[in-house]
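Trainee: Heads up: the sequence lines are chains A and B, in that order. Quick note on numbering: the first sequence equals residues 36 to 279 in the working numbering. Quick note on numbering: the second sequence equals residues 36 to 279 in the working numbering. All C-beta atoms in this analysis are idealised placements derived from N, C-alpha and C, irrespective of residue type, glycine included.
Number of protein chains: 2
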Amino acid sequence: MTQSGRLYGIGVGPGDPELVTVKALRLIRAVAVIAYPAPEEGPSFARSIVAGWLDGTQGEIAIRFPMRPGPPPTRVYDRAAAAIAAELDAGADVAVLCQGDPLFYGSFCGLLARLGGHYPVEIVPGVSSLAACAAATMTPLVTRDETLTVVPATLPEDALAERLAAADVAAVVKLGRHLDKLKRVLQRLGVSERAVYVEHASLPDERTLSLAAVERAPYFSMVVVRTAIRRAPGTARRAAPQTT
Amino acid sequence: MTQSGRLYGIGVGPGDPELVTVKALRLIRAVAVIAYPAPEEGPSFARSIVAGWLDGTQGEIAIRFPMRPGPPPTRVYDRAAAAIAAELDAGADVAVLCQGDPLFYGSFCGLLARLGGHYPVEIVPGVSSLAACAAATMTPLVTRDETLTVVPATLPEDALAERLAAADVAAVVKLGRHLDKLKRVLQRLGVSERAVYVEHASLPDERTLSLAAVERAPYFSMVVVRTAIRRAPGTARRAAPQTT
Chain A
36 MTQSGRLYGI GVGPGDPELV TVKALRLIRA VAVIAYPAPE EGPSFARSIV AGWLDGTQGE
96 IAIRFPMRPG PPPTRVYDRA AAAIAAELDA GADVAVLCQG DPLFYGSFCG LLARLGGHYP
156 VEIVPGVSSL AACAAATMTP LVTRDETLTV VPATLPEDAL AERLAAADVA AVVKLGRHLD
216 KLKRVLQRLG VSERAVYVEH ASLPDERTLS LAAVERAPYF SMVVVRTAIR RAPGTARRAA
276 PQTT
Chain B
36 MTQSGRLYGI GVGPGDPELV TVKALRLIRA VAVIAYPAPE EGPSFARSIV AGWLDGTQGE
96 IAIRFPMRPG PPPTRVYDRA AAAIAAELDA GADVAVLCQG DPLFYGSFCG LLARLGGHYP
156 VEIVPGVSSL AACAAATMTP LVTRDETLTV VPATLPEDAL AERLAAADVA AVVKLGRHLD
216 KLKRVLQRLG VSERAVYVEH ASLPDERTLS LAAVERAPYF SMVVVRTAIR RAPGTARRAA
276 PQTT
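(1) With distances taken between CB atoms, is the gap from LEU221(A) to VAL260(A) smaller than 8 Å?
(2) Return the chain-ordered ranges of every alpha helix (DSSP H) run that is complete within the segment 201-246 of chain A and spans a minimum of 4 residues.
(3) For the beta strand (DSSP E) containing THR109(B), list its first residue and its last residue.
(4) Is the separation between the beta-carbon of VAL55(A) and that of THR56(B) shorter than 8 Å?
(5) Below 7 Å between beta carbons is the criterion; list the residues of the segment 137-148 of chain A that meet it against any residue of chain B, in chain order.
(6) Alpha carbon to alpha carbon, what distance is there between ARG64(A) and LEU89(A)?
(7) If you draw a straight line from the C-alpha of THR174(B) to the C-alpha of ALA120(B), how long is it?
(8) When you compare the CB of PRO187(B) with every CB in chain A, is at least one pair closer than 8 Å?
(9) Measuring only the C-alpha atoms, how far is ARG114(B) from LEU165(B)?
(10) Could you give the first and the last residue of the continuous alpha helix (DSSP H) run that contains SER83(B)?
(11) Name the chain B residues whose beta carbon is nearer than 9 Å to that of ARG251(A)?
(12) Using a Cβ cut-off of 8 Å (strictly closer), state whether GLY40(A) contacts chain B.
(13) At a CB-CB cut-off below 7 Å, which residues of chain B make contact with ILE158(A)?
(14) Alpha carbon to alpha carbon, what distance is there between ARG61(A) and ALA267(B)?
(15) Skipping 5 residues on each side, what residues in its chain have a beta carbon closer than 6 Å to that of ALA202(A)?
(16) How long is the line joining the alpha carbons of LEU138(B) and LEU146(B), rounded to whole angstroms?
(17) For GLY145(A), does the three-state DSSP call read helix, strand or coil?
(18) Could you pull out every residue in the same chain whose Cβ sits closer than 6 Å to the Cβ of LEU176(A), ignoring the five residues on either side in sequence?
(19) Note down, in chain order, every chain B residue with its Cβ under 7 Å from the Cβ of ARG179(A).
(20) Near ALA171(A), what residues of its chain come up, given a Cβ to Cβ distance below 7 Å and the 5 sequence neighbours on each side ignored?
(21) Taking the alpha-carbon of ASP136(B) as reference, which of HIS153(B), HIS213(B) and SER163(B) has the nearest alpha-carbon?
(22) Go through its chain and collect everything with a Cβ distance to TYR140(A)'s Cβ below 7 Å, but skip five positions before and after it.
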């Protein structure tokens, strides 16, 4: 009986090919098969990040997701898991390329749930889009005793408002068609002017601007807002970068 | 007049030298001077991560922090900023090595506040301890519409309880001497049994265990807890890894 292969969930970082880790590179070049999320037609962003290091000799599994709102259909994960399991059963190691970090809102989670109990798995953490966006703003994300809240803009308006009101610093992910809702919520909370918008962090077309100036948000975008609405009694928390 | 050097804030990741990015490595080897946080006596953890790639020809500035609770004294940052500024004024590029990510609870923030307006600065994001801890647990950190809250255990007990109660998934950082307080808070919220403790993530002595079994937490440790106390009406959020 063949010994089964190992499944790797590999974070390839936010987009700049140089923000891939040494470990990710070593493993991506060593495995027999790579797998990656991709749109229904066209190239995979995750694959494009490491394309310069691939030599074309590996097997490839493109996991094609329909590009429409809402969670991807279960069958996409089922089919991808079956294709990957077939390789693992044949003794091949498979690396799933994950933009950012595999376990931070990653589509890898759907594969981990299906394959995790059945094969040896290793996760290689990556530089998250959150860290890349913070770097683009050139401002500390959180310091000292601050709380960071990462909130998907996909939440219903009231739930979004509630979570943002409770944050010291909030990072809002998954903007897309939820941009107007987010703008309304931040307006309501009186913190619109503190909202910094970042798109394509770490890529050549990276842009940082005030949220008010944004009319359309691509998938790879994020808003960071130092809400600081809630303060513990007697503490004066500064909104600007700390001096200690 | 000499053109001033460039200041780099470089994330060197959670500890495994292979979790350094290609960009961090390139810049660390290219600059004239490296600077890094260190204890009052003994070696720097951030420096140790990249030590294997240093050739010993660069200038080095050790920023020595007193190892006692509370925020580091202002004068440590003042002196370090002055030493770094002297190098930058002389035209030397300086890379500040930051464990994890520079802007995620990093001591780099104190230098950025002092030098940021005066010299060209570039931030190189790194793999955070958060991503490394999630990888160690082999469990998705956040998926779909979940909110992640990162909370320092240094907060007063009631503030800590309030923030944890409002989270879907919480990562508690800066444990150290606050371990017992955190245990009390999680007990009070009835979620102790869901708390996963990780120490030395990505290092050879990495350990993952249930929080109940932990008696002493080193500085490089974290607790991840899927609190899921608050649920939007009508949604049944699963506590286990999602299947879609």
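Mentor: With the given structure in hand:
(1) yes
(2) 214-224
(3) First-last for THR109(B): 109-124, but that is the alpha helix (DSSP H), not the beta strand (DSSP E).
(4) yes
(5) LEU138, PHE139, TYR140, CYS144, GLY145, LEU147 and ALA148
(6) 7 Å
(7) 43 Å
(8) yes
(9) 30 Å
(10) 80-85
(11) Near ARG251(A) there are no residues of chain B at all, since even the closest Cβ is about 22 Å away, more than 9 Å.
(12) no
(13) ALA170 and MET173
(14) Bear in mind that the predicted position of ALA267(B) carries a pLDDT of just 40, short of 50, making it too unreliable to give a figure here.
(15) THR184 and THR262
(16) 11 Å
(17) helix
(18) ALA169
(19) PRO106
(20) VAL233, ALA236, GLU241 and THR243
(21) SER163(B)
(22) VAL208
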